[in-house]
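Asks: If you read the protein sequences in the order shown, they are chains A and B.
One rule links them: number in the working numbering = place in the first sequence (from 1) + 27.
One rule links them: number in the working numbering = place in the second sequence (from 1) + 7.
Glycine is no exception: its CB is placed at the ideal position from the N, C-alpha and C atoms.
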Amino acid sequence: MAKENCRPDGRELGEFRPTTLNIGSINTAEGSALVKIGNTTVICGIKAELALPSSDAPDKGYIVPNVDLPPLCSSRFRPGPPGEQAQTASQFIADVIDSSNIIKKEDLCIEKSKLCWVLYCDIMCLDYDGNLLDACIITLLAALKNAQLPKVTINKETDLAEVELQHKRHLQIRCHPVASSFAVFDDTVIIVDPTAEEESLCRALLTAVTDEDDQLCALHKPGGISLSAEKLQDCISRAVTRNREISKLIDKVIQSTEMSK
Amino acid sequence: MAGLELLSDQGYRLDGRKASELRKVQARMGVFGQADGSAYMEQGNTKALAVVYGPHEVRGSRSKSLHDRAVINCQYSMATFSTAERKRRPHGDRKSSEMSLHLKQTFEAAVLTQLYPRSQIDIYVKILQSDGGNYSACVNAATLALVDAGIPMRDYVCACTAGFAEGTALADLCHAEETGGGTALSLALLPRSQSIALVQMDARLHQDHLDTLMEAAMEACKGLSKVLDSVVRQHLQEVSVLSRD
């Protein structure tokens, strides 16, 4: 496979699978997005609730991501509590949200020490065919851009929150991180966007998250075979190109949804 | 919700439908690559996903396998963002376990399990958006998914809810009508033989009204079976055209 520069599904080593995006399909959620990278299908729903800010961060809200890998997405997952892949994915997403500052937690505060928003980002995989982390980050970003929160004010006399459902505002997205995953076979062969089959055969996995200013947000290479620094640099440059492609896709989809409204 | 008129004087319901009118149904089969059979179903605003794996060897304990037929394993769960209030426990709570058991019993009546002894068929159903009729949407989606997986069944299993308001039976209730305090009956039917796989009603109803309610539910199920049949035929046409090329 490596010698012919071709993969089982006919792609080149550096080619991503076709990515499609659909936003705002779930009416019960404040924001939602569905992304398909080849066969991998991931959906994200954003639910917002009101809560009391914690005493050590009284002017910050909360963003709680959660990745769910139910048994329906692949026969390798059993029903029951979240397995280690789901838990590591959830932790990875939480780290990316913190490091890239997609949303400033101060923006989620309604009134200091009294009321703040909690954004529950529930990411669910519907069909698992490799490259879970990329899909999760894309769908999270698209769902956050789609999410609209109602205006909340605190009544001075009763000290209770008043929610105005008619006035809805989009969230302020400060950063657009996009992830790119690579599978390493040896120091010469690195493929982009592995399928489930390729992931099971590879010697190491690498995920690089970059934002729109070509800055690196996160780098994740959990063990596996070693990689030289130049190859790592190549991967990061490929991730930067991918960031532009995905940003254009998300903007195009959001624009077409706005126009159709 | 007192004061909510389920049926207006002109005969229109809360969402503008007539008493025996079903919600708009959209369904697609073969949506996922990993599963043996999959289907996506929309009944009005309720969106359900069903995925079938199997028949395969019994996972877990060997003692669960039956020597003369297949074991059907169902799991019902709702996405946390499917309801207006975020659902904290999507699976494992009592309602989900009860629904999973009902689905399992419904499909044990319809699937020809004697053809696959000592094996297991997994049916996973997920509700992405809930607006009443969760059980019905799940059953309909699971029927399509089983057909997509090529598992032989006695007949389609069609399910629908029916309610009662001001002397008229209402078909296919939405969430507001279900929780409005009136009667709600769920029915799962095998349309060709007119045999009932599951019927459930938890409300007060006068005995005389039961026949009208059951009639309305059965009519609705028969209507749904025509829709499901057309979806299956259309899917077969699309698939056969693709494989011919």
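Return the CA-CA distance between A/A75 and A/T115, expressed in angstroms with no decimal places.
Replies: A/A75 and A/T115 have their alpha carbons spaced roughly 23 Å apart.
Asks: Name, please, each residue of chain B whose Cβ falls closer than 9 Å to the Cβ of A/D161.
Replies: The contacting residues do not exist; A/D161 stays about 17 Å from chain B at best.
Asks: Please state the DSSP three-state secondary structure of B/D129.
Replies: strand
Asks: Going along the chain, which residues of its own chain have a beta-carbon closer than 7 Å to the beta-carbon of A/E133, five neighbours each way excluded?
Replies: Cβ neighbours of A/E133 beyond the five flanking positions: D86, K87.
Asks: So A/L40 and A/I277 are supposed to be a Cβ contact under 8 Å. How far apart are they, rounded?
Replies: Not quite, the Cβ-Cβ distance comes to about 26 Å (not below 8 Å), so this is no contact.
Asks: Using Cβ-Cβ distances below 7 Å, what residues of the stretch 166-191 of chain B are close to chain A?
Replies: Taking 7 Å as the Cβ-Cβ cut-off against chain A, none of the residues of the stretch 166-191 of chain B qualify.
Asks: Which residue marks the beginning of the beta strand (DSSP E) containing A/N93, and which one marks its end?
Replies: Its beta strand (DSSP E) spans residues 89-95.
Asks: Quick check: the stretch 46-66 of chain A against the stretch 134-145 of chain A, are there 3 or more CB pairs under 8 Å?
Replies: no
Asks: Distance, Cα to Cα, A/V280 vs B/Q214?
Replies: 54 Å
Asks: Count the other C-beta atoms from every protein chain shown that fall within 10 angstroms of the C-beta of A/C33, then say buried if there are 16 or more, exposed otherwise.
Replies: exposed
Asks: Label A/H197 either buried or exposed according to how many other C-beta atoms from any shown protein chain fall within 10 Å of its C-beta, with 16 as the threshold for buried.
Replies: Answer is exposed; the Cβ neighbour count stays below 16.
Asks: Pick out whichever of A/P35, A/L160, A/A188, A/D125 has its Cα sitting closest to the Cα of A/C71.
Replies: A/L160
Asks: Quick one: list the residues of chain A neighbouring B/V154, beta-carbon separation under 9 Å, in chain order.
Replies: Within 9 Å Cβ-Cβ: nothing; B/V154 doesn't reach chain A, min ~17 Å.
Asks: Return helix, strand or coil for A/G72, following the three-state DSSP convention.
Replies: strand
Asks: Which residues in chain B have a C-beta closer than 8 Å to the C-beta of A/E76? List them in chain order.
Replies: R93
Asks: According to the neighbour-count rule (16 or more other Cβ atoms, all chains shown, within 10 Å of its Cβ), is A/G107 buried or exposed?
Replies: exposed
Asks: By DSSP, does B/H182 sit in helix, in strand, or in coil?
Replies: helix
Asks: Answer yes or no: does any C-beta atom of chain A fall closer than 8 Å to that of B/G10?
Replies: A caution first: B/G10 carries a pLDDT of 49, below 50, which makes its placement in the model unreliable, though a value can still be read off. Not an interface residue.
Asks: To the nearest angstrom, how far is it from the Cα of B/A223 to the Cα of B/Q207?
Replies: 14 Å
Asks: Residues in the same chain with beta-carbon distance under 7 Å from A/V123, minus the five sequence neighbours each way, listed in chain order, please.
Replies: I164, P204, V236, C244, A245
Asks: Taking the beta strand (DSSP E) that B/L192 falls in, what are its first and last residues?
Replies: 190-197
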